[in-house]
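Notes to accompany the following structure.
2 protein chains.
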Amino acid sequence: MECEYFEKLNNQEFGDLIGETKYWLIILAPDQRNLGTCVVALKREEIELSALNPDEWADLYNTVQKLENAVKKAFKATMFNWACLMNSSYLQDPPTPFLHWHFIPRYKSSFVFQGKTFEDPCFGRSTMQDRGRSFKVSEELKNKIKMEIIKYLEI
Amino acid sequence: MECEYFEKLNNQEFGDLIGETKYWLIILAPDQRNLGTCVVALKREEIELSALNPDEWADLYNTVQKLENAVKKAFKATMFNWACLMNSSYLQDPPTPFLHWHFIPRYKSSFVFQGKTFEDPCFGRSTMQDRGRSFKVSEELKNKIKMEIIKYLEI
Numbered sequence: 024m025e026c027e028y029f030e031k032l033n034n035q036e037f038g039d040l041i042g043e044t045k046y047w048l049i050i051l052a053p054d055q056r057n058l059g060t061c062v063v064a065l066k067r068e069e070i071e072l073s074a075l076n077p078d079e080w081a082d083l084y085n086t087v088q089k090l091e092n093a094v095k096k097a098f099k100a101t102m103f104n105w106a107c108l109m110n111s112s113y114l115q116d117p118p119t120p121f122l123h124w125h126f127i128p129r130y131k132s133s134f135v136f137q138g139k140t141f142e143d144p145c146f147g148r149s150t151m152q153d154r155g156r157s158f159k160v161s162e163e164l165k166n167k168i169k170m171e172i173i174k175y176l177e178i
Numbered sequence: 024m025e026c027e028y029f030e031k032l033n034n035q036e037f038g039d040l041i042g043e044t045k046y047w048l049i050i051l052a053p054d055q056r057n058l059g060t061c062v063v064a065l066k067r068e069e070i071e072l073s074a075l076n077p078d079e080w081a082d083l084y085n086t087v088q089k090l091e092n093a094v095k096k097a098f099k100a101t102m103f104n105w106a107c108l109m110n111s112s113y114l115q116d117p118p119t120p121f122l123h124w125h126f127i128p129r130y131k132s133s134f135v136f137q138g139k140t141f142e143d144p145c146f147g148r149s150t151m152q153d154r155g156r157s158f159k160v161s162e163e164l165k166n167k168i169k170m171e172i173i174k175y176l177e178i
């Protein structure tokens, strides 16, 4: 799967591209503490949410629905956190213009995928309170996570 | 300003109602560490973002634009964090169905309003890393913050 704009995002280390809609890229994040964590990035340069155009906003709705649905089916996620922060973008002047959303699936119960148990010890609280814990997955497992989401993504 | 549904939200302690669009309430949050921090709450019960209908989603776009614009004009905010988390909602079974967004203005420079200096020491990072700091404002100052946002809200 390729997307010309995705190449531009390389330095952002958002992760591995798993799909795209008309205006958004769906990218599997490197940190899989919360199984299925993704970044949803706009396919053009922009710095703030209120500058999206109506078509991009409508397509974001489409993307939210498809991704929530896919990760529910793939990993039985209980619910999802969505956040457009752009904090680190503003440490540069002018700001880094890669508008993106953090999509973090949350799990009331642990979930076993490919023999590995994924937990969400901060369920009911912010994952920001859980910064000490890391969960590196192998390339092989990462690819299986990607394929499992793609299976249900319907885009 | 009154809204029947806002009464239902009383136990959520979202704050003081400052305006409403067709489908969303704009509420000034009690914590004004980041000047202009609001909650944007859906005017009906719902637990997840993907269950919004297209009209509610389109009206959220309208709300994002009006609120960002107003807080930029009122307090010269640099940028904004938006997050739909719903974490604590899921500590109850069934979840508390008050779908809402956290709207946190971020400031590269301090801003003086009504003689009080508001800082954002975590600019460029998450406000979650700043949990120790609190910023209680008086009722009088809170009302002035509300009026300043309302002045530019254009709804």
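As you go down the protein sequences, you meet chains A and B in turn.
Numbering-wise, this note's numbering puts 135 at position 112 of the first sequence, and it's gapless, one number per residue.
Numbering-wise, this note's numbering puts 69 at position 46 of the second sequence, and it's gapless, one number per residue.
C-beta: ideal position from N, C-alpha, C; glycine also.
| Asked | Found |
| --- | --- |
| Residues, ordered as in the chain, of the region 100 to 114 of chain A that lie near chain B by beta-carbon distance below 9 Å | Thr101, Met102, Phe103, Asn104, Trp105, Ala106, Cys107, Leu108, Met109, Asn110, Ser111, Ser112, Tyr113, Leu114 |
| Methionine 24 of chain A versus leucine 40 of chain A: straight-line alpha-carbon distance, rounded | Residue placement at methionine 24 of chain A is flagged as unreliable, the pLDDT there being 49, under the threshold of 50; the coordinate-derived value follows with that caveat. Approximately 7 Å between the Cα atoms of the pair. |
| CB of isoleucine 70 of chain A within 9 Å of CB of leucine 122 of chain A, strictly | yes |
| Under 9 Å from the C-beta of proline 77 of chain B: neighbouring residues of chain A | Ala81, Tyr84 |
| DSSP beta-bridge partners of aspartate 39 of chain A | A:Leu51 |
| Whole-angstrom distance between glutamate 142 of chain A and valine 63 of chain B, CA atom to CA atom | 30 Å |
| Simplified DSSP assignment, three categories, for glutamate 69 of chain B | strand |
| Same chain, Cβ closer than 7 Å to leucine 32 of chain B, five either side skipped, listed in chain order | Ala64, Phe121 |
| Distance CB(glutamate 43 of chain B)-CB(cysteine 26 of chain B) smaller than 9 Å | yes |
| contact_flag[the region 160 to 175 of chain B, the region 129 to 143 of chain B] where n(CB pairs < 8 Å) is 3 or more | yes |
| Nearest-angstrom Cβ-Cβ length linking asparagine 110 of chain A and asparagine 104 of chain B, presumed shorter than 8 Å | 7 Å |
| Minimum Cβ-Cβ distance from leucine 72 of chain A to chain E less than 9 Å | Any reference to chain E falls outside this structure, whose protein chains are A and B. |
| Closer than 8 Å at the beta carbon, the chain A residues around glutamate 91 of chain B | Glu71, Leu72, Ser73 |
| Chain-ordered chain B contacts of lysine 66 of chain A [CB-CB under 7 Å] | Per Cβ cutoff of 7 Å: no residues; lysine 66 of chain A is ~18 Å from chain B at best. |
| CB contact check: serine 149 of chain A to chain B, cutoff 9 Å | yes |
| Closer than 9 Å to chain A by CB, arginine 129 of chain B | yes |
| Span separating the alpha-carbon of threonine 101 of chain B from that of glutamate 30 of chain A | 28 Å |
| Three-state class that DSSP yields for methionine 170 of chain A in the structure shown | helix |
| 6 Å Cβ shell around tyrosine 175 of chain B - same chain, five flanking residues per side excluded | Ala93, Lys96, Ala97 |
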